[in-house]
Structures are given as structure tokens and as C-alpha cells.
Amino acid sequence: MLDAQGYLYLVMLLVLAWLAGYVMTRLGYPALIGELAVGVIMGPPVLNIISNAQGARPGPVLGILGTIGTLFLMLLVGARIDARDLAKASGSALLIAAGAFAASFAVGYFATTALFGRPTNEGLIMGVAVSNTALATLPRILLDLDLIETRVGQFLAAVSLLTVAILMTVFAVVDSVVKSGGMNFGLLGTVLLKASLFFTFTIASGLFLFPRLRPLLAAAGLTGRSHSFAVAIFLGLLYAGLAVFAGLAVILGAFMAGLFLRNDMFPEGEFPALLTSIEDVTYRFLAPIFFVSAGFSVKFSVFQTSLVPMLVIVLGALLAKPLVGFLLSRFSPLSVRESVVLGSGMNAKGGVDIVVAQAGLSSRALSQEFYTIVLFLAAVGGFLTPVLLKFGRDWLQRKGALTRVGSPQPTAVATEAAAPAGG
71 MLDAQGYLYL VMLLVLAWLA GYVMTRLGYP ALIGELAVGV IMGPPVLNII SNAQGARPGP
131 VLGILGTIGT LFLMLLVGAR IDARDLAKAS GSALLIAAGA FAASFAVGYF ATTALFGRPT
191 NEGLIMGVAV SNTALATLPR ILLDLDLIET RVGQFLAAVS LLTVAILMTV FAVVDSVVKS
251 GGMNFGLLGT VLLKASLFFT FTIASGLFLF PRLRPLLAAA GLTGRSHSFA VAIFLGLLYA
311 GLAVFAGLAV ILGAFMAGLF LRNDMFPEGE FPALLTSIED VTYRFLAPIF FVSAGFSVKF
371 SVFQTSLVPM LVIVLGALLA KPLVGFLLSR FSPLSVRESV VLGSGMNAKG GVDIVVAQAG
431 LSSRALSQEF YTIVLFLAAV GGFLTPVLLK FGRDWLQRKG ALTRVGSPQP TAVATEAAAP
491 AGG
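Per the working numbering, the sequence shown runs over residues 71 to 493.
Set out below in C-alpha cells:
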């Protein structure tokens with residue numbers, strides 16, 4: 071339990087997180103960068119001072135709230151991925167997403183294991199964590215830059231959708247390997263069998279049982295925003311518990327639940343309000359606590375003890391995705407200039423990558439030094455992407471090469487777009 075000092079600490083943490091997030095969004099950057107900064111700067115010193123006070127123990131409470139925050143966050147990420155949108159995504163968008171993911175994964179894995187002699191499990195977690203193109207932030211940046219209805223913007227949105235789908239699939243396998251203790255094929259087979267049963271059940275129930283909830287809820291009189299919210303959270307918690315029971319990470323369960331939350335599950339018109347409710351709780355309360363808490367584990371000693379690994383992995387990951395994205399986009403309808411801009415938007419970070427890194431840290435598969443590298447990469451990517459995309463948009467405008475979807479010829483896009491902000 072918290073005493074008065076513990077509650078004051080929680081209030082102070084939230085206020086600082088909100089202020090830092092607000093400043094970042096006003097400057098055109100994702101709010102989570104400000105929230106991470108709060109955790110890095112004021113977390114451990116202040117937390118330790120208050121924890122030493124009699125009866126005040128905010129650390130465990132923050133851990134619980136942060137875990138629930140990851141559940142809500144992954145529930146939202148899953149809900150934002152519409153299977154119909156994935157089906158509509160062109161083969162070239164899938165090629166770009168898969169190729170760029172593979173290139174980043176290779177950088178993270180081989181730099182961690184081959185260059186710096188770290189364990190295989192740590193290399194696998196690093197490979198996944200550095201390969202994200204953030205679904206949580208990129209669409210908001212595209213919207214604020216008035217790029218969402220352009221050809222390059224829609225390709226980037228499709229790539230972020232596909233990347234997260236690929237990332238979560240690969241993470242399921244990686245998590246199974248890590249939980250089995252490595253390439254022990256007997257134990258790995260058992261873990262993979264449990265994982266297969268989990269995915270079979272969640273997909274089957276998501277496809278065939280979730281849609282039947284609408285008439286059942288209506289018949290029981292369980293309509294309205296609060297009831298829909300309760301159902302969504304119940305399903306998220308249920309799938310999270312099943313994932314843990316299957317030996318998988320809690321974030322996989324929440325993601326799978328979100329993947330099957332759809333408009334036809336709930337009474338007419340309630341789904342948008344439901345998502346708004348979950349977003350309000352997530353982005354105004356739980357996610358800030360998670361990202362601030364994530365900053366607590368940053369070790370500044372990495373700049374002394376692991377500076378070379380950090381630079382190799384960060385620079386390698388930042389270069390691999392744009393380069394491969396550019397090259398593979400040459401097989402798409404995009405022009406050369408549009409391909410350059412697409413590459414510049416591939417490094418949107420923050421959200422799933424930090425959740426994956428936190429899961430790796432909690433399971434002790436990821437060291438604090440390499441966890442810090444993931445957070446540093448997320449911060450650098452979060453700063454660079456909106457700036458590069460703004461320059462890219464203006465460059466395409468000047469060259470008359472910014473093509474709106476449905477336009478036969480490149481058209482100018484209004485330059486009075488609001489400053490980009492991270493979602």
C-alpha cells in the first residue's frame with residue numbers, strides 16, 4: 071500500500087510526464103520521448119528517496135500499473151490493425167516491410183552476438199526490438215504533415231501496419247526460444263506446441279466467437295460505452311492470462327485480443343467511443359507511467375562501457391531500414407524521390423519496441439546496457455523521423471513530385487500543416 075508520500079510521488083510523476091509529453095508534442099515529437107526523459111532524469115534518485123521513507127513504496131505499484139499500461143497499449147495496437155487493411159496492402163508494401171525488418175533484425179542480432187559476444191537470446195531480443203516502424207507514432211506524424219492521403223504516406227502507413235504484424239509474429243517465436251532457455255529442441259518443441267495451441271485458440275475464438283458477442287450483449291441489455299469498455303478489457307486480460315499460461319509474453323495476448331476487436335462486435339456506433347475510452351486511459355494515465363518507469367532502468371554507464379556497441383547498433387539500425395526500404399520500394403509504383411522520402415520515414419520508433427525491450431529486461435534475456443541502447447535508438451528515431459519527413463514533404467513539393475492518392479499527376483500539398491506530433 072502507498073502512504074501519503076507514495077501518492078504524492080505518483081501525482082508528481084504523472085504531472086511531469088504530462089508536461090514533458092505536452093512540450094514534446096508541441097515541438098513536433100512523440101510524447102513518449104518526454105515521458106522517457108522524465109524517467110531517466112528524475113526516476114531513480116527521487117524514487118529511492120521516497121522509497122526510503124517509512125511505508126512509502128511506489129516502485130512495486132508503478133510496476134503493476136506499468137504492466138497494465140503495456141496491456142492497454144498492445145490492445146490498442148492490435149485494434150488499429152485491420153485485417154482488411156493488411157489484405158489491401160500491396161505486395162510491394164509487404165516486400166518493403168519484410169525486407170526492412172529482416173535487415174534491422176540482422177543488424178541487431180549479429181552486432182550483439184558476433185561483434186560483441188553477447189548471448190544468443192540477447193541478440194534475438196535486440197534483433198526484434200530495433201526492427202520496429204512505430205504504428206503508434208507514424209500515422210499521427212503523417213496526418214499532421216498532411217501526408218496521409220499521398221501515395222508515399224499511404225505506403226508508409228501500410229508498411230508500419232505490416233511491420234508490427236511481422237514483429238509480433240517473430241517475437242512469438244523469439245519469446246518461445248528465450249523461455250525454453252535456448253536451442254534445446256526438446257524443450258523448444260514443447261514451448262512451440264503450447265504457443266501453437268495458444269494462437270490456434272485465440273485466432274479461432276477471435277474469428278468465430280467475438281462476432282457473436284453483439285447479439286448476446288444486446289439481449290442481456292449490456293449496451294453502452296461502459297459495458298463495451300468492460301468487455302474489451304476482459305478479453306484483453308483473458309488473452310494476456312492465456313499467453314502467460316502458454317509460456318508467452320503478456321503483450322502477445324493483449325495484442326491478439328486487440329487484433330479481433332472490431333466494430334461488428336459491439337452495438338452500432340459504440341466501437342469508436344470504446345477506442346476513445348481505451349485511448350484516454352492508456353495515453354493519459356497508464357502509458358505515461360509505463361514509459362516513465364521504462365526510463366528508470368537506463369544506465370548512463372553504457373556511454374563509457376558500451377559506447378562502441380551502442381554506436382554500431384544505433385547507426386546500423388538507423389541506416390539499414392531506410393536503405394533497404396529505398397531499394398525495395400523501387401519495385402513499387404513510387405518514384406525515386408518518393409522512395410527517398412519513404413526511407414526517411416522508416417525509423418519511426420517508440421511503443422512496441424520499448425515494450426519488447428522491457429519484456430526482455432524483465433526475463434533477464436536483455437541486459438540493462440543493451441536495454442539502454444534500445445531506448446536511445448527509440449529516442450533518436452523519434453526525433454529524426456518527423457524532421458526528415460517534413461524536409462522530404464517540402465522537397466517533393468518543390469519538385470512537383472508529391473502525388474496524392476487518386477491523382478494522375480503529382481500535386482502540391484498545403485504547407486500549413488500542423489507541427490507533427492507523436493501518438
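A virtual CB, placed ideally from N, CA and C, is assigned to each residue, including glycine.
Check                                                                                                                                                                     : Outcome
Does DSSP put R468 in a helix, in a strand, or in coil?                                                                                                                   : helix
Nearest-angstrom Cα distance between L318 and T473?                                                                                                                       : 43 Å
Here's a check: name, in chain order, each residue in its chain whose Cβ is nearer than 8 Å to the Cβ of P281, leaving out the five neighbours to either side.            : R332, D334 and M335
Return the first residue and the last residue of the alpha helix (DSSP H) that N202 is part of.                                                                           : Counting along the chain, N202 falls outside any alpha helix (DSSP H), and DSSP gives it neither H nor E.
With a cut-off of 8 Å, do at least 3 Cβ pairs link the segment 194-208 to the segment 228-243?                                                                            : yes
DSSP has P392 in a bridge; who is on the other side?                                                                                                                      : According to DSSP, which records beta bridges pairwise, P392 is partnered with nothing at all.
With G139 and L329 assumed to form a contact (beta carbons below 8 Å), what rounded beta-carbon distance in angstroms separates them?                                     : Not quite, the Cβ-Cβ distance comes to about 19 Å (not below 8 Å), so this is no contact.
Tell me T220's beta-bridge partners as DSSP assigns them.                                                                                                                 : R474
Between G187 and D216, what straight-line distance do the alpha-carbon atoms span, to the nearest angstrom?                                                               : 45 Å
Alpha helix (DSSP H) containing V410: first to last residue?                                                                                                              : V406 to S414
Among A176, F299, V426 and T293, which residue has its Cα nearest to the Cα of V394?                                                                                      : A176
Given a cut-off of 8 Å on the beta-carbon distance, is the pair G362 and A87 in contact?                                                                                  : With the sequence shown as reference, residue 362 is identified as Val, and Gly is not the correct amino acid for it. Taking 8 Å as the Cβ cut-off, V362 and A87 qualify as a contacting pair.
Alpha carbon to alpha carbon, how far is P456 from S409? Give it in angstroms, no decimals.                                                                               : 16 Å
Just reading off the alpha helix (DSSP H) that I508 is part of, what are its end residues?                                                                                : The first residue shown for the chain is 71 and the last is 493, placing residue 508 beyond what the model contains.
Return the CA-CA distance between V573 and V426, expressed in angstroms with no decimal places.                                                                           : The chain is shown from 71 up to 493; residue 573 falls before or after that span and cannot be answered.
Are F446 and V384 closer than 8 Å when you measure CB to CB?                                                                                                              : yes
Going by the CB atoms, is the gap between V234 and L194 shorter than 8 Å?                                                                                                 : no
Secondary structure at E338, three-state DSSP: helix, strand or coil?                                                                                                     : coil
Do the CB positions of V301 and F142 come within less than 8 Å of each other?                                                                                             : no
Drop a sphere of 10 angstroms on the beta-carbon of K469, count the other beta-carbons inside from all chains shown, and report buried for 16 or more, exposed for fewer. : exposed
How would you label I273, buried or exposed, when you count the other beta carbons within 10 angstroms and need 16 or more for buried?                                    : exposed
Are L226 and L412 close, meaning C-beta to C-beta below 8 Å?                                                                                                              : yes
Residues in the same chain with beta-carbon distance under 6 Å from L89, minus the five sequence neighbours each way, listed in chain order, please.                      : none
Assuming the contact rule is C-beta atoms closer than 8 Å, G430 and L459 should be a hit. Round their C-beta distance to whole Å, please.                                 : Actually they are not in contact, since the Cβ atoms of G430 and L459 sit about 29 Å apart, beyond 8 Å.
For G133 and V368, what's the separation of their Cα atoms in angstroms?                                                                                                  : 15 Å
Using the rule of at least 16 other Cβ atoms within 10 Å of the residue's Cβ for burial, across every protein chain shown, is V110 buried or exposed?                     : buried
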